[in-house]
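Scroll down for the structure; my scribbles are underneath it.
Protein chains in written order, with our numbering: chain A, 16 to 468; chain B, 10 to 188.
Written out as structure tokens, the structure is:
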């Protein structure tokens, strides 16, 4: 009975409270009147929030609307994935770890690709200097372009008359690699006409070995060095090669590579007959490229040559006398020991003669062929003129921005390419973490419900 | 009024639903929290924290069929519980332990004294009774109280009646002690 009356009382009380009618009336029971009065008193002691507080909180909530999605993502991540961690979540620490992971990933992916070939430079393989070896840079198209410039327009009729030009690349760490270059072209055949005199000499053919002396009988070794600022190093290289060939000379060595911005940079050394040197220098100056620097040197080696010649002649006289002495000794039937000592001295003199003649030949060759180094550098790495140029600064800044974006794009492309390798273990790890988190959260929810109950 | 502790890492764009909930419930949440903690500064902090916490979690993922209003009051209720836990306070057992802070004018008047007794008596009730009465004072119906406390609607009505009766007993007991 009492339960029923309580139930009824509870309903009536709820109805009065819901309606906000707290004023006791005569129809109310005494108990109801007391309860209403008590509730009204209780209601009066509870403060209303100040309008200032309400505005303040609302303003803060609105302020957060523009800066929030990253924080919301972090917060959700923390709530969903890091809630089970026993320690307090530190955004700065987590951010540091994330940055570290990205850096490690960024460093590991290029290294996983193998020896980096960016910024690779070309070089002549060891032991083959001066044989006209043609080195290549990383870009396949560049390889083909350069190959075309030195290749003969037609295939050689006789393969034996051709020279092999090998490619190799050298990465930033100095490691040599052939792999990706080999996919393009391993060797490049050139016609004998395109071979430098040095190559020809090394194959047994002597070019320009007659002692060359100036009109007054002096022997002069000439060298020159040019630096040109060019727009297209490949085209300029072809022009240099053409000038050398017209003068009867050829390429001595070539080094080519890419600048950090991807332009081709080439340094080529040519050797031309000294008679045509002045003409070649004039042609180089007038080939249309901007001449950045020029250096022409001459070295008089006449004294050295004359000295060598005199020593050779003296030794040859001594050699003749020793031969006569040897024949006389044999005729006299002297002891073997005496004959052998004369013979040893003859061999020694012959050896000295050969050495001195070799040095003379070298001088003759140096005097007969002038060596000209031509550096073809793109505009981007040419020394900037002095003074402030806002346009140049802006252009450089823009190029840097473009390069940065290219690097970022390259990183993501590599990451995408490696995704099949990286993603499966990551997904498995994520699945394990998710299962653990879900289990912990469920346990926490169960224990919370238990506490509430 | 201190700055809410989570304010610095807030949150997504505003939502019309949340703004409506804010306008509808701000006063009620404050009254509920104030009735529980009986301190203006603490009530302001906890109220602001409740809305920022709700803002971060908005929209509610799962409300067990209840309306967002109940979800919001559950957040406020949990904050009050956390507040008591953090302060290491335990419910008072008698009037001598009660420290009443009342900033209203005319202290010492009859009306003030009766309000003081009622507030003190409220703080002497069990946490469950305080919850029920505070939610009622926040303007929630029995159905909404039932949703917040995850109980039956009828049980909520009975709980409200009984809490009020126990408050009445405490007040009468306090009056006798005062006299």
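Where a beta carbon is used, it is the ideal one built from N, C-alpha and C, also for glycine. Quick caveat, the model's predicted, so the values are computed rather than measured.
Worksheet entry | Three-state secondary structure (DSSP) of residue 37 (chain A) | For the purposes of this step, residue 37 (chain A) is taken as residue 22 along the first chain, with counting starting at 1. Looking at residue 37 (chain A) - three-state DSSP - the assignment turns out to be coil, as it is neither helix nor strand.
Practice prompt. Check each residue of the segment 48–64 of chain A: if its Cβ is closer than 9 Å to any Cβ of chain B, include it; give the result in chain order.
Written response: 49, 50, 53, 54, 56, 57, 58, 59, 60, 61, 62, 63, 64
Practice prompt. Quick one: list the residues of chain A neighbouring residue 169 (chain B), beta-carbon separation under 9 Å, in chain order.
Written response: Residue 169 (chain B) sits at position 160 when you count from the first residue of the second chain. By Cβ distance, chain A contributes 25, 28, 29, 32.
Discussion item. Taking the alpha-carbon of residue 283 (chain A) as reference, which of A:71, A:250, A:440, A:33 has the nearest alpha-carbon?
Written reply: Here residue 283 (chain A) corresponds to residue number 268 of the first chain, with the count starting at 1. For residue 283 (chain A), the nearest C-alpha among the options comes from A:250.
Item to complete: Measure the Cβ-Cβ separation of residue 79 (chain B) and residue 38 (chain B) and say whether it is below 8 Å.
Response: Residue 79 (chain B) sits at position 70 when you count from the first residue of the second chain. Residue 38 (chain B) sits at position 29 when you count from the first residue of the second chain. No, the pair does not count as a contact, with Cβ atoms beyond the cut-off.
Practice prompt. Name, please, each residue of chain C whose Cβ falls closer than 9 Å to the Cβ of residue 73 (chain A).
Written response: Among the chains of the structure shown, chain C does not appear; the protein chains present are A and B.
Worksheet item: How long is the line joining the alpha carbons of residue 245 (chain A) and residue 308 (chain A), rounded to whole angstroms?
Response: In the first chain, residue 245 (chain A) corresponds to position 230, counting from 1. In the first chain, residue 308 (chain A) corresponds to position 293, counting from 1. Rounded to whole angstroms, residue 245 (chain A) to residue 308 (chain A) spans 13 Å at the Cα level.
Practice prompt. Starting from residue 243 (chain A), follow its DSSP beta bridges and name the residues at the other end.
Written response: The residue labelled residue 243 (chain A) in the question sits at position 228 within the first chain. DSSP output for residue 243 (chain A) lists A:306, A:391 as bridge partner(s).
Worksheet entry | Proximal chain A residues relative to residue 132 (chain B), where beta-carbon distance stays under 9 Å | Indexing the second chain from 1 puts residue 132 (chain B) at position 123. Under the 9 Å cutoff, chain A gives no residues; its nearest Cβ is about 11 Å from residue 132 (chain B).
Discussion item. Does the CB of residue 195 (chain A) have a neighbour CB from chain B at under 8 Å?
Written reply: For the purposes of this step, residue 195 (chain A) is taken as residue 180 along the first chain, with counting starting at 1. The predicted model places residue 195 (chain A) with a pLDDT of 34, which falls under 50 and marks its position as unreliable; any figure quoted below should be read in that light. Chain B, which has no Cβ nearer than 8 Å to the Cβ of residue 195 (chain A), makes this no.
Worksheet item: How many angstroms separate the CA atom of residue 404 (chain A) from the CA atom of residue 416 (chain A)?
Response: Numbered from 1 along the first chain, position 389 holds the residue referred to as residue 404 (chain A). Numbered from 1 along the first chain, position 401 holds the residue referred to as residue 416 (chain A). Approximately 18 Å, taken between the alpha carbons.
Item to complete: Compare the beta carbon distance of residue 371 (chain A) and residue 316 (chain A) with 8 Å and say whether it is the shorter of the two.
Response: Sequence index remark: in the first chain, residue 371 (chain A) carries index 356 (1-based). Sequence index remark: in the first chain, residue 316 (chain A) carries index 301 (1-based). In this structure, residue 316 (chain A) does not lie closer than 8 Å to residue 371 (chain A) by Cβ.
Worksheet entry | residue 168 (chain B) and residue 141 (chain B) closer than 8 Å at C-beta | Within the second chain, numbered from 1, the residue matching residue 168 (chain B) stands at position 159. Within the second chain, numbered from 1, the residue matching residue 141 (chain B) stands at position 132. Cβ atoms of residue 168 (chain B) and residue 141 (chain B): closer than 8 Å.
Worksheet item: Do residue 155 (chain B) and residue 147 (chain B) have their CB atoms nearer than 8 Å?
Response: Taking the second chain and counting its residues from 1, one reaches residue 155 (chain B) at position 146. Taking the second chain and counting its residues from 1, one reaches residue 147 (chain B) at position 138. Against a cut-off of 8 Å, the Cβ pair of residue 147 (chain B) and residue 155 (chain B) comes out as no contact.
Discussion item. If I measure Cβ to Cβ from residue 45 (chain B) and keep anything under 7 Å in the same chain, skipping five residues before and after, which residues do I get?
Written reply: Position 36 of the second chain, counted from the start, is the residue given in the question as residue 45 (chain B). Answer for residue 45 (chain B): 89, 139, 143, listed in chain order.
Item to complete: Kindly indicate which three-state DSSP category residue 21 (chain A) falls into: helix, strand or coil?
Response: The residue given as residue 21 (chain A) occupies position 6 in the first chain. Helix.
Worksheet item: Counting only runs that start and end within the segment 256–294 of chain A, where is the beta strand (DSSP E) found for 3 or more residues in a row?
Response: 265–273, 279–288
Discussion item. Using the three-state DSSP reduction, which class does residue 383 (chain A) fall into: helix, strand or coil?
Written reply: As a working mapping, residue 383 (chain A) is identified with position 368 in the first chain. It is helical.
Discussion item. Using only CA atoms, which one of A:49, A:76, A:52 lies nearest to residue 30 (chain B)?
Written reply: Position 21 of the second chain, counted from the first residue, corresponds to residue 30 (chain B). Nearest option by C-alpha distance: A:76.
Practice prompt. Starting from residue 328 (chain A), trace the alpha helix (DSSP H) both ways and give me its first and last residue.
Written response: On the first chain, residue 328 (chain A) is found 313 positions in, with the first residue counted as 1. Start and end: 317–347.
Worksheet item: In the structure shown, what three-state DSSP assignment does residue 352 (chain A) receive?
Response: The residue you call residue 352 (chain A) lines up with position 337 of the first chain. In the structure shown, residue 352 (chain A) sits in a helix (DSSP, three-state: H, G or I).
Worksheet item: So which residues on chain A does residue 166 (chain B) lean against when the C-beta distance must stay under 7 Å?
Response: As a first step, residue 166 (chain B) must be located in the second chain, where it is residue number 157. What residue 166 (chain B) touches in chain A: 25, 26, 29.
Item to complete: With hydrogens ignored, establish whether the beta-carbon of residue 292 (chain A) is closer than 7 Å to any heavy atom of the ligand MN.
Response: Judged by which ligands are present, the structure shown has none, so any question about the ligand MN falls away.
Discussion item. By the three-class DSSP mapping on this structure, what secondary structure does residue 160 (chain B) have?
Written reply: Residue mapping note: residue 160 (chain B) aligns to position 151 of the second chain, counting from 1. Note: residue 160 (chain B) maps to coil in three-state DSSP.
Practice prompt. Answer yes or no: do residue 354 (chain A) and residue 345 (chain A) have a C-beta to C-beta separation smaller than 8 Å?
Written response: Looking up residue 354 (chain A) in the first chain gives position 339. Looking up residue 345 (chain A) in the first chain gives position 330. In contact: residue 354 (chain A) and residue 345 (chain A) (Cβ atoms closer than 8 Å).
Worksheet item: Between residue 377 (chain A) and residue 115 (chain A), what straight-line distance do the alpha-carbon atoms span, to the nearest angstrom?
Response: Within the first chain, numbered from 1, the residue matching residue 377 (chain A) stands at position 362. Within the first chain, numbered from 1, the residue matching residue 115 (chain A) stands at position 100. Going by the C-alpha atoms only, they are around 60 Å apart.
Practice prompt. Please confirm if the segment 412–428 of chain A is in contact with the segment 292–302 of chain A, defined as three or more CB-CB distances below 8 Å between the two stretches.
Written response: no
Practice prompt. Measuring alpha carbon to alpha carbon, tell me which of A:303, A:285, A:48, A:402 ends up nearest residue 470 (chain A).
Written response: Any property of residue 470 (chain A) remains undetermined from this structure, which presents chain A solely from 16 to 468.
Fill in: Beta carbon of residue 342 (chain A) nearer than 8 Å to that of residue 368 (chain A)
In the first chain, residue 342 (chain A) corresponds to position 327, counting from 1. In the first chain, residue 368 (chain A) corresponds to position 353, counting from 1. The answer is no: Cβ separation not under 8 Å.
Worksheet item: Got a sec? Which residues, its chain only, sit under 6 Å from residue 388 (chain A) by beta carbon, not counting five neighbours each side?
Response: On the first chain, residue 388 (chain A) is found 373 positions in, with the first residue counted as 1. Around residue 388 (chain A): 240, 284.
Worksheet entry | residue 236 (chain A) - partner residues in DSSP beta bridges | Walking along the first chain from the start, residue 236 (chain A) turns up at place 221. For residue 236 (chain A), which the question treats as bridged, DSSP gives the partners A:314.
Worksheet entry | Partners in chain A for residue 53 (chain B), counting only beta-carbon separations shorter than 7 Å | Taking the second chain and counting its residues from 1, one reaches residue 53 (chain B) at position 44. Simply 68.
Worksheet item: Could one say the Cβ of residue 136 (chain B) lies closer than 8 Å to chain A's Cβ atoms, at least one of them?
Response: In the second chain, counting from the first residue as 1, residue 136 (chain B) sits at position 127. With 8 Å as the cut-off, residue 136 (chain B) does not count as an interface residue toward chain A.
Discussion item. Please tell me whether residue 40 (chain B) has its Cβ less than 8 Å away from any Cβ of chain A.
Written reply: By 1-based counting over the second chain, the position of residue 40 (chain B) is 31. It does: the Cβ of residue 40 (chain B) has a partner Cβ on chain A nearer than 8 Å.
Worksheet entry | Same chain, Cβ closer than 8 Å to residue 161 (chain B), neighbours up to 5 away in sequence not counted | As a working note, residue 161 (chain B) is residue 152 in the second chain. Counting only Cβ-Cβ distances below 8 Å, and skipping sequence neighbours, we find 155.
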